[in-house]
DNA sequence: TTATTTTCAATCATAAACAATCATCTTCAT
DNA sequence: ATGAAGATGATTGTTTATGATTGAAAATAA
């Protein structure tokens, strides 16, 4: 049975039932466990399904949170440490830009009680900031439904009205040649603008982002300090030549 | 049974009944008590439900400001009717402005499925619009914590970038001499601007707003059509001389 | 209040599922 | 044929999920 055939069959079986066990695929295709595992990994890579322990689940385009929640569960602890450190950089009276995304969202609990002004384009962030009584400005712009980020020329325009002491940016890829990248060019533009309007910029990223690239470049590596956790010594060293990297240990 | 399946089943059971005992989940899934406990913990972590002693409860719906909740309970039914009528005025392809506030918030359920573009300065509105897949733009601006509205020059600036087919405005007072009024001058300015940039404007108000005034004037009465319910005949008549009033009957 | 029952979190051993690796077997161009 | 590239299935040690058990905490009854 061809790889492509198996992939089709797997997706078809998932259409019939939202969640299926790996073993079911093994039986349906007559292939080995290893092969099915590889298939599932590939299909997940192509966003065709979501792997779950013991099998796979259909991608649900339902709500905004799930995608965000699932991701944020993954490295919950590490991210929290990074976020705490990042928050500790903020001084009383600072004006900061907080980029949309899960990594920066984690910072908000650590901002409570600080006398600061925050500008953000993340709707989830607005909720969290407002609840904690933090002085908040919103960039405005078009609501990107799945990430609840504001983008487009409206966001850009809004953003241009401010300048920041510090900006905290989330990225999808960090690469020696391609710099900081993210999949959506619109979002990349926002991030780049925020960095340009900020005295100091910090990119917050867990180890999985290193040596990865996404479609749209945000900025060169030297435009921002990288805050991360436990990079391999070697990786850490090579990036340190080009930009500042702060490693947060658990 | 896979973890993912159990989680879905648990949430589904909770949809049917708001509060359920742990034992019910044990029976429904055939898993052990320990496993269900772990499931509930994880789901709570992801904000999908709330654990209570003996079981779990559905996560409460939208976080509305307490002040907002009280107000919206008051005339719940009447407001819904007004909102439904207001929504019915919107045509396919329209660009509309939806003012922050409970009255306009009520319109959103009736917008589902319409192909329209909405601009708003209400953060609560953004959440509701996004969930329903409605194309949404946000004005930007400073977050007024208690009402979750965006105000200030940032909001004004953002707003000026758009023009609307229709705008729907909430007010606190409607008065023959003082026109439409609201307590916060900042908000009044936003509302006035929205009205000016709109082809047609509608003020949505229940009967309690008539012959009342608040601190800041938004606009003269003739600038917008009033959508309301059961005004006393006499009041209705006097206002109809100056502006258009649409009365929605239960 | 005290006694009793229920529910809970924490821990443990077991079993299942996992990623990573390797040797084998294709396929296909040279 | 020969070698390179890709796919496959078995094997490895590791990670994760599970259900039973325990004593602590909370709800309920006396």
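Protein chains in written order, with full-length UniProt numbering: chain A, 1 to 250; chain B, 1 to 250. C-beta atoms are modelled at their ideal positions from N, C-alpha and C, and glycine is treated no differently. Owing to the predicted nature of the structure, the values given are computational and were not obtained by experimental measurement.
_For residue 215 (chain A), count the other beta carbons within 10 Å of its own beta carbon; 16 or more makes it buried, fewer makes it exposed. Which is it?_
exposed
Report task. Under 9 Å between beta-carbons, which chain B residues line up against residue 57 (chain A)? List them in chain order, please. Result -> 2, 4, 5 and 8
Short of 7 Å Cβ to Cβ, which residues in the region 196-221 of chain A face chain B? none
Exercise. Would you give the residue range spanned by the alpha helix (DSSP H) that residue 38 (chain B) belongs to?
Key: 33-45
Whole runs of the alpha helix (DSSP H) within the region 138-219 of chain B, excluding any shorter than 4 residues: 152-159 and 185-196
Quiz item: In three-state DSSP terms, what is residue 83 (chain A)?
Solution: helix
* Asked: If we count the other Cβ atoms within 10 Å of its Cβ and call it buried at 16 or more, is residue 57 (chain A) buried or exposed?
  -> buried
Per-residue contacts from residue 237 (chain B) into chain A (C-beta, under 9 Å)
Going along chain A, no residue has its Cβ under 9 Å from residue 237 (chain B), so there is no contact; the nearest lies around 42 Å.
In terms of residue numbering, what span does the beta strand (DSSP E) encompassing residue 55 (chain B) cover?
55-58
Close Cβ partners of residue 154 (chain A) (< 7 Å) along its chain, the five nearest in sequence each way excluded: 140, 141 and 142
TODO: Over the uninterrupted beta strand (DSSP E) stretch that includes residue 16 (chain A), give me the two end residues.
DONE: That residue, residue 16 (chain A), is in no beta strand (DSSP E); its alpha helix (DSSP H) goes 3-16.
**OP:** Specify the secondary structure class of residue 104 (chain B) as computed by DSSP and reduced to three states.
**Re:** helix
Q: Using the Cα positions of residue 28 (chain B) and residue 52 (chain A), report the straight-line distance between them to the nearest angstrom.
A: 21 Å
- request: With DSSP as the reference, please indicate the residues paired to residue 124 (chain A) in a beta bridge.
  value: Paired residues: none, contrary to the question.
Using beta carbons (cut-off 8 Å, strictly below), is residue 136 (chain B) in contact with chain A?
yes
field: 6 Å CB neighbourhood of residue 135 (chain A) in its chain, flanking five on each side removed
entry: 117
Going by C-alpha distance, which of A:30, A:12, A:149 and A:104 is nearest residue 43 (chain A)?
A:12
### Message
Quick test of your reading: residue 115 (chain B) and residue 92 (chain B), contact by CB under 8 Å. State the CB separation rounded to the nearest angstrom.
### Response
5 Å
TODO: Determine the contact status of residue 180 (chain B) and residue 219 (chain B), defining contact as a CB-CB distance below 8 Å.
DONE: yes
> So what's residue 98 (chain B) in DSSP terms, helix, strand or just coil?
Replying inline: strand
Closer than 8 Å to chain A by CB, residue 81 (chain B)
no
- prompt: Can you list the residues of chain A that residue 251 (chain B) reaches, using a CB-CB cut of under 9 Å?
  reply: The first residue shown for chain B is 1 and the last is 250, placing residue 251 (chain B) beyond what the model contains.
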